[in-house]
Every structure is written in C-alpha cells, then in structure tokens.
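One structure below.
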Ligand code: NAP
Ligand code: G4F
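Residue numbers (the working numbering): 118 to 491.
Laid out in structure tokens, this is it:
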C-alpha cells in the first residue's frame, strides 16, 4: 500500500460521509468529497469541516461519468469510499430508474473512472452495500454466505453494485470490497428514515410542537447500530490484507414499535400500544420530566397506509462474526439503548433551540404526518 493517504468520498454530505470524513481527517488523510450543486444549503453535516486545510470539496455526480473521471484524475486518491446513493428504500419505488442509474450504474462509473485514470493497481475502493440485499430473508441471522433476495428497486440496484465490485476484483485484480452494512443511525440521520422520524416526533410531541406521529409497519425488525461506529469498519475493510466483503451489524434485533416505545420514554412519554395492523395506536399512559400532563390519555402514534411499502423487508438481523474476527471490529461499542438516548437527547435539545424557527420545522412535521413526504 502507498504511503500517501488520500481519500475520495462520494456521498460526503450524507450521514456516513460526514462521520467518515471526521475519522479520516483524524487519521491524517487528505479528504476529498464529491458534492452536487443544489439550490438549497444541504452541507449542514460537513459545515464544521469546511475550511480545514486537509478537507476539499469537488463538484461531481454519480450520474455523470466525465465528472468522476475528472475528479479521480485530479485527486489521485489512494482510497475511494463510494457512499453516494439514492438511499431511501420507499423512494426507490417512486423513482426506480434514477435509483438504478445512481445505485447500480453509478458504481460501475466509479470503477471505470479509476481504470480510465490508470489507478486500478494503487487505489482501494469501498462500496456501500446493504443488508437490503437479503430482502425477503432466506435465513436468520444473515451472514456473508446467506443468499440474497432483494425486495425493492433500491435493493435490486445495490445488488448490481455488489456484483460489479466483485467482478472487477476478479477480472482486473482490483482491491475493491463491499461492506454489507445493516441499518445504522445517528443524530445526523435523514429525517424521513424511521428512527429519526421517531426521535424528532417524540421530541416535538413532548415539547408541544407536534400532535401525532404516523408510522407504517410497526412489526418490522431491524438490526440498528450507531453510524459513528460503522464508518470505522469501512476504513478497516480497506486496511485488510486482501479485498473481501464483510457483514457489519450489531447482532441484535428490535422492532419499530420497540424503538418508538424507548424513544418516547426517553422524551418523558410512556406509551401503551393497543389494537392491530392499521388500527394499532400508541396511547400516552404517563409522563415524566417536562412533558405535559395533558398528553395522558391521548393517542400519539397511529398507523398510516401511506408508509407501507409495496414489498417490505421485515426481518433483518446481522451476524458480525467475520468482521469481529478478521478486522477486530467491536459491534457492541454503542448499545441499542445508548443509540436511542443519543438521538432523542439530541433532538430534544434541537427542538428546544429552534425557538422562533420552530414553526418552519413543524411544517415539515405536518407534511410527514400527512404522508406527503415519505
Ligand atoms: P444518505 O445520508 O442518504 O447520503 C447519501 C449521499 O449520497 C448524500 O451525500 C447525497 O448527496 C449523495 N448522492 C445521492 N445521489 C447522488 C448522485 N447522483 N451523485 C453524487 N452524490 C449523490 O445516506 P447514508 O445513510 O449516509 O448512507 C451512505 C451509503 O450507505 C448509501 O450508499 C446507502 O445506500 C448505504 N447504506 C446505508 C445504510 C444506513 O443504514 N445508513 C445501510 C446500508 C447501506 P446530497 O446531499 O446531494 O443528496
Ligand atoms: O428507516 P427505514 O426507511 O430504513 P430501511 O428501509 O431499512 O433502509 C435503510 O437501511 C438500509 C440497510 O438495511 C439501507 F440500505 C438504506 O439505504 C436505508 O439507510 O425503514 C426501516 C423499516 C422498514 O421496514 C419500514 O417499512 O421501518 C419501517 N417503517 C415503519 N414506518 C417506516 C415507517 N419507515 C419509514 N421510513 N417511515 C415510516 O413511517
């Protein structure tokens, strides 16, 4: 491996891109991120890094191969972390073609950009693969040998990404690997993923800024970890002696309902779930801390068909044995309870600080409630 430490991160503005940038800067890398032009400011997650001498941003897009060739040629990276994607599963049903272009062909464009710049022998590539590949699961828990059964346009696109990485590894002897990451969350998680939607709603409801939370399938099971711990594994995968694919997960499983109960409890609201399916409701049975006693007896969580998916992945549970043994990665660094606490505490402070701006944020909450924004 080269002595130069130059990382190129696609998807640098996303949840994982921001944590990975911090980690690599700490490790002494020159970090280059690919960003897209947008009419609104979406660089919130990396704003604190901009201006640092070793942190650089370049315009580019996974749908635009020339832009990738230009940036790879200019940066001459020793490691590429391909995190860019249309990453929302439900949105992939609305925009399947765009999802395929970015999440499938986009991976090929990155690989070809590396070859076009003659860096295939020196540049290591990490591909952000996903537990969604297991989809309609054929085995529980899932490990590196579990058969794939993708169950959404997103997962089908990511499956191409997984296989093209493997193909280039074998065909051109490139050091390229996939991390098959199970769900990982944080206080930087996008607001329409279920965990963040719940922690923000719990904070807003506890502070009287939202009336109700509408969710889809409460029975869905996920293996949720902390994003900050997971980016460390991305780096470890590229420091390994040989290019290999790894499952990254905590080895613990919880339902959307359990996450909701725990998050509301942390915000001072005790919920009791009653009813079944579309008629299930979460009713407030007690409050603590600063949550208003007026909430007791009110229905705060309801199920809405708007958040059901045409096909839903309902039983994800990862087995991180290989990552533990070969990479020395610790899957239990942050527990499920700690993750929920970190997210709720952050959102309680955020909602409290929003003050006068709160109304603007509440508009988004209303859109979320009505199912306009999924
Ligand atoms: P995220 O917060 O949604 O970030 C996605 C990033 O991709 C953003 O920076 C986004 O840029 C960028 N992007 C989207 N389309 C692009 C395009 N056409 N060209 C260039 N950049 C584009 O996702 P995340 O949670 O950090 O996840 C990172 C990666 O891991 C994704 O590939 C995701 O599919 C995968 N993954 C995530 C999880 C998880 O639980 N978080 C689990 C398994 C796999 P904008 O800011 O401009 O939109
Ligand atoms: O939070 P989610 O939208 O995440 P999902 O679909 O698991 O995808 C995330 O994790 C994948 C790794 O497995 C990544 F590859 C992907 O990029 C993304 O980061 O939904 C989790 C579960 C689903 O079963 C969904 O049906 O929660 C269920 N759910 C129930 N109510 C909801 C809602 N999901 C969302 N987004 N919104 C709801 O109201």
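In this text, a Cβ means the ideal position worked out from N, Cα and C, and glycines have one as well.
So what does DSSP say about residue i, is it helix, strand or coil?
i, result
"residue 220", "helix"
"residue 480", "Residue placement at residue 480 is flagged as unreliable, the pLDDT there being 49, under the threshold of 50; a coordinate-derived value is accordingly withheld."
"residue 123", "strand"
"residue 312", "helix"
"residue 145", "coil"
"residue 132", "helix"
"residue 403", "strand"
"residue 112", "In this structure the chain extends from 118 to 491, so residue 112 is not present and cannot be described."
"residue 472", "helix"
"residue 445", "coil"
"residue 438", "helix"
"residue 493", "The first residue shown for the chain is 118 and the last is 491, placing residue 493 beyond what the model contains."
"residue 190", "helix"
"residue 277", "helix"
"residue 196", "strand"
"residue 343", "strand"
"residue 225", "helix"
"residue 176", "strand"
"residue 419", "strand"
"residue 458", "helix"
"residue 433", "coil"
"residue 207", "helix"
"residue 348", "helix"
Is the distance from the Cβ of residue i to the Cβ of residue j below 8 Å?
i, j, result
"residue 272", "residue 200", "no"
"residue 219", "residue 207", "no"
"residue 292", "residue 241", "yes"
"residue 366", "residue 328", "no"
"residue 335", "residue 372", "yes"
"residue 275", "residue 309", "no"
"residue 401", "residue 413", "yes"
"residue 149", "residue 125", "yes"
"residue 410", "residue 386", "no"
"residue 354", "residue 225", "no"
"residue 434", "residue 370", "yes"
"residue 260", "residue 438", "yes"
"residue 417", "residue 330", "yes"
"residue 321", "residue 457", "no"
"residue 123", "residue 158", "no"
"residue 217", "residue 270", "yes"
"residue 140", "residue 349", "yes"
"residue 171", "residue 142", "yes"
"residue 460", "residue 304", "yes"
"residue 454", "residue 388", "no"
"residue 154", "residue 130", "no"
"residue 210", "residue 250", "no"
"residue 180", "residue 223", "yes"
"residue 399", "residue 377", "yes"
Give me whichever residues DSSP pairs with residue i in a beta bridge.
i, result
"residue 294", "243"
"residue 390", "399"
"residue 305", "According to DSSP, which records beta bridges pairwise, residue 305 is partnered with nothing at all."
"residue 327", "Note: residue 327 sits in no beta bridge, so no partner."
"residue 165", "According to DSSP, residue 165 bridges with nothing at all."
"residue 364", "297"
"residue 371", "339"
Below 7 Å, is the gap between the Cβ of residue i and the nearest heavy atom of ligand 1?
i, result
"residue 313", "no"
"residue 153", "yes"
"residue 129", "yes"
"residue 219", "yes"
"residue 146", "no"
"residue 201", "yes"
"residue 164", "no"
"residue 298", "yes"
"residue 132", "yes"
"residue 245", "yes"
"residue 179", "yes"
"residue 176", "no"
"residue 307", "yes"
"residue 159", "yes"
Taking 8 Å as the threshold (beta carbon to beta carbon), is residue i in contact with chain C?
i, result
"residue 255", "You won't find chain C in this structure, because it holds only one protein chain."
For ligand 2, residues whose Cβ lies under 5 Å from any non-hydrogen atom: 204, 206, 247, 248, 249, 300, 310, 311, 332, 333, 334, 337, 373, 424, 429
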